[in-house]
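So in the working numbering, the last one in the sequence shown is 301, and the numbering has no gaps at all.
Quick notes on the structure that follows.
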Amino acid sequence: MEKKNKWPGGFYSLHPAISFIYFVVVFGAAVMLKHPLYLLTVLAVAIAIAVLQDGGRGLVRPLPFYLLMALIIFISNPLLTSRGRTILFYFRDLPVTLEAIAYGAIFAVSLLAVLIGFIGYNSIITPNRFLYLFARLAPRTVLVITVAMRFVPLLKRRIMEIIRVQKSQGYFLYKKKKWLQAKEAMETMHTLVSWSLEEALQTGMSMRSRGYGLGKRSSAVVYRMERRDWQMLVWLAVTGLLTLIGAALGYGRYSVYPKLMLPDLSYLTVLHYACFAGFLLAPIVMDIREVMRWRAIRSGM
């Protein structure tokens, strides 16, 4: 079911193809870039999108786990590798270098940007929109991907329901023997798998009876490219193309090994970063402008 849009004229209301292209570039930048300033910009934009879309509710629960993963990477990288020329100290006869610490920090920021970016992605590219974009190209493959993405939170909710019912029947008492607890856990998994397979079979039979994948697929929701969609597409294309040209010429690159590279502050590098930031900040500017517009309308009532 398509969610209700928080800001009717914001980034969520754009054509799904534009949003999907934007997130592909964001994830690609988070994975491929090594420049600290560029990566921090991607991370800040990912956080801003997640907050603007649902007020940060989807970010609150997984954030401690994400930070813990990033911290583990940051600490473990200089302890597992001794690459780099600038030795700071020795840990159990292993040299800990400044370059290894810097690379661990860069890797941690990159991971955070990807994980938090997916929160905003899931808020904007809903399963219905994903099906709309790709179901005509590969209906069965897209259906499998959509169902797989849906099953993770669904199975979590179902297993909690099963455990609540079983506890009311005397299951999972701590004074029981270990083999009884293991038997009850297996019964829980059996119930979960049986429930899920039965519903999946019913869903598949229902979809087959409706002719899913047999002919040209229609959609209950039709998205059309409007003027603001074309404007956003042109802006993303121009700033993205300029960023790619600059990257091909060597701007925005950063080297950690063998010696930490000093940041380039030349005029063309600053211009390249401005194009990169202009690409990333476009949806945030759009959402903030929509927030201010609606606040002005409400204050005038």
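Just so you know, even glycine gets a beta-carbon here, dropped at the ideal spot from N, CA and C.
Under the three-state reduction of DSSP, which class applies to residue i: helix, strand or coil?
i    : result
G120 : helix
L14  : coil
P127 : helix
V96  : strand
L260 : coil
L265 : coil
L137 : coil
L154 : helix
L244 : helix
L88  : strand
P283 : helix
S110 : helix
P62  : coil
M32  : helix
M225 : coil
G252 : coil
T191 : helix
Q166 : helix
Rounding to the nearest angstrom, what Cα-Cα distance links residue i and residue j in this structure?
i    : j    : result
S206 : R293 : 44 Å
I125 : L40  : 23 Å
R298 : L52  : 19 Å
L115 : T191 : 32 Å
S303 : A185 : Here the chain has residues from 1 to 301 only, and residue 303 is not among them.
A30  : V193 : 36 Å
K4   : R57  : With a pLDDT of only 49 at K4, under the threshold of 50, the placement of this residue in the model should not be trusted, and no figure is reported.
N122 : V144 : 17 Å
L63  : A44  : 14 Å
I49  : L268 : 28 Å
G104 : I72  : 9 Å
S209 : L137 : 21 Å
P36  : I47  : 16 Å
Y38  : T239 : 15 Å
Once you ignore the five residues that flank residue i on each side, which residues in its own chain have a CB closer than 7 Å to its CB?
i    : result
A70  : A108, L111 and L112
W235 : A282
Please work out which residues of its chain come closer than 6 Å, Cβ to Cβ, to residue i, disregarding the five sequence neighbours upstream and downstream, and give them in chain order.
i    : result
H15  : Y223, M225 and D229
F11  : P283, M286 and D287
P153 : none
Buried or exposed: which applies to residue i, given that a residue is buried once 16 or more other Cβ atoms fall within 10 Å of its Cβ?
i    : result
M232 : buried
M286 : buried
Y22  : buried
I106 : buried
M1   : Confidence at M1 is low in this model, with a pLDDT of 46, below 50, so the placement of that residue should be treated as unreliable; the coordinate-derived value is given next. Burial call: exposed.
A102 : buried
E99  : buried
Can you list, in chain order, the residues of its chain whose CB lies under 8 Å from that of residue i, leaving out five sequence neighbours each side?
i   : result
I94 : According to the sequence as given, residue 94 is Leu; it is not Ile. Around L94: L79 and S82.
Item to complete: Could you tell me whether the region 189-201 touches the region 223-240, using the rule of 3 or more Cβ pairs below 8 Å?
Response: no
Fill in: Any 3 or more C-beta pairs closer than 8 Å across the region 83-91 and the region 254-265
yes
Practice prompt. May I ask you to verify whether the region 236-247 touches the region 262-280, counting CB pairs closer than 8 Å and requiring at least 3?
Written response: yes
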